[in-house]
Amino acid sequence: MKFAKRFLVAVFVIYLLPALASAGLWAMKEHPTGYRNARWSSAGILPEAQADKPAAIYVYSAMTGGFKGSIASHAWIVVKKEGASTYERYDKVGWGNPIRRNAYAPDAYWYSNMPRRVVELHGEEAERLIPKIEQAIADYPYGKPGGYHIYPGPNSNTFVAHVLRHVPELGVVLPPDAVGRDYLPNGEFIHIAEDWKDVSVSLGGFLGVSAGARSGFEINFLGLVAGIDIVNPGIKIPGLGYFGTASTLGV
897 MKFAKRFLVA VFVIYLLPAL ASAGLWAMKE HPTGYRNARW SSAGILPEAQ ADKPAAIYVY
957 SAMTGGFKGS IASHAWIVVK KEGASTYERY DKVGWGNPIR RNAYAPDAYW YSNMPRRVVE
1017 LHGEEAERLI PKIEQAIADY PYGKPGGYHI YPGPNSNTFV AHVLRHVPEL GVVLPPDAVG
1077 RDYLPNGEFI HIAEDWKDVS VSLGGFLGVS AGARSGFEIN FLGLVAGIDI VNPGIKIPGL
1137 GYFGTASTLG V
């Protein structure tokens, strides 16, 4: 009985209380009343593709719309090959063809929310990794119409997390508010990175643990992630996000 009470108290303090605080902060802000009233234009944070000759890779994340935007974000991938005149953006969404290519500007607001940089890479290393990213996108098992479930996944964040797992050279995981990132495709219970620097265990995206050089140590409870970052010291708080030294999280 004592264990059950302590467990419930821990869940409330570590997961529910921060999520409620995030929801309260969200409620104090102004938000678009719907999809059509939201801002979807470029945020102006990327250089013109023609002016940026080297190859480039970006992963962005932005808080999503509606009340779920109080605790959940949406992630996408942007690539540009050396000398290319345009960027290529990849998203997975719940409407239309799940993996969308260039449906929005590469650095567009998402439901009026400013994009946050998760990672960026330039030059020869980016050029080397772009084919691997494109292959991971092509291999995503839920890349056809109908392959989307908002919770616990597979959703937009499941897609980007899949690419990051299969291109570990990018060196990052999605921020803790990327609900759905811990859903392992094809019913996998465990995923070990090809470089053996990260391991994830998940029960259908509802409960899981991740540990390693990129994840630090994380516990996923019903899509809410709490944890610590060891390589770039910081903490991951459900709903509120990442607080620490890692500039790659755009905070």
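With this note's numbering as the guide, the letters of the sequence shown map in order to residues 897 to 1147.
Just so it is clear, CB atoms sit at the ideal spot from N, CA and C, and this is done for glycine as well.
The model shown is predicted, which means the values in this text are computed figures rather than measured ones.
Coil, strand or helix - E873 by DSSP:
In this structure the chain extends from 897 to 1147, so residue 873 is not present and cannot be described.
Drop a sphere of 10 angstroms on the beta-carbon of V909, count the other beta-carbons inside from all chains shown, and report buried for 16 or more, exposed for fewer.
The count along the sequence shown starts at 1 and reaches residue 909 at position 13. It is exposed - the Cβ of V909 has fewer than 16 other Cβ atoms within 10 Å.
My output table needs one value for W972: the three-state DSSP class, helix, strand or coil.
Translated into the one-based positions of the sequence shown, residue 972 becomes position 76. Correct three-state label for W972: strand.
Go through its chain and collect everything with a Cβ distance to E1057's Cβ below 6 Å, but skip five positions before and after it.
Here residue 1057 is taken as the residue at index 161 of the sequence shown, counted from 1. In the sequence under discussion, the amino acid at residue 1057 is Ala, which differs from the Glu named in the question. Once the five neighbours on either side are set aside, the close Cβ partners of A1057 are L1070 and R1077.
Report all residues from its chain with a CB closer than 6 Å to the CB of A870; omit the five preceding and five following residues, and keep chain order.
Given a span of 897 to 1147 for the chain in the structure shown, any question on residue 870 remains unanswerable.
Ignoring anything shorter than 4 residues, give me the alpha helix (DSSP H) runs that lie fully in the region 1043-1091, in order along the chain.
Fully enclosed alpha helix (DSSP H) runs of 4 or longer: 1052-1062.
For L1120, which of helix, strand or coil comes out of DSSP?
Within the sequence shown, numbered from 1, the residue matching residue 1120 stands at position 224. Looking at L1120 - three-state DSSP - the assignment turns out to be strand.
M852 classed as buried or exposed, judged by whether at least 16 other C-beta atoms fall within 10 angstroms
Shown here, the chain extends from 897 to 1147; a query on residue 852 therefore has no answer.
Ends of the alpha helix (DSSP H) at V905?
Counting from one through the sequence shown, the residue named residue 905 turns up at place 9. Start and end: K898 to V907.
Skipping 5 residues on each side, what residues in its chain have a beta carbon closer than 6 Å to that of A882?
This structure does not reach residue 882, given that the chain is present from 897 up to 1147, and the question cannot be answered.
If you follow the beta strand (DSSP E) that A917 is in, where does it begin and where does it stop?
Position 21 of the sequence shown holds residue 917. Looking at the DSSP string, A917 is not in any beta strand (DSSP E); the run it does join, the alpha helix (DSSP H), is L913 to A923.
Closer than 7 Å: is that where the CB of S1111 sits relative to any heavy atom of the ligand FAD?
With respect to the ligand FAD, the structure shown offers nothing to examine, as it has no ligands at all.
Contact defined as beta carbons within less than 8 Å: I believe P1164 pairs with K988. What is the distance between those atoms, to the nearest angstrom?
For residue 1164 there is no data in the structure shown, the boundaries of the chain being 897 and 1147.
Please tell me whether E1114 and V1127 are closer than 8 Å, where the distance is taken between their beta carbons.
Translated into positions along the sequence shown, residue 1114 becomes position 218. Translated into positions along the sequence shown, residue 1127 becomes position 231. No, these two residues do not count as a Cβ contact at 8 Å.
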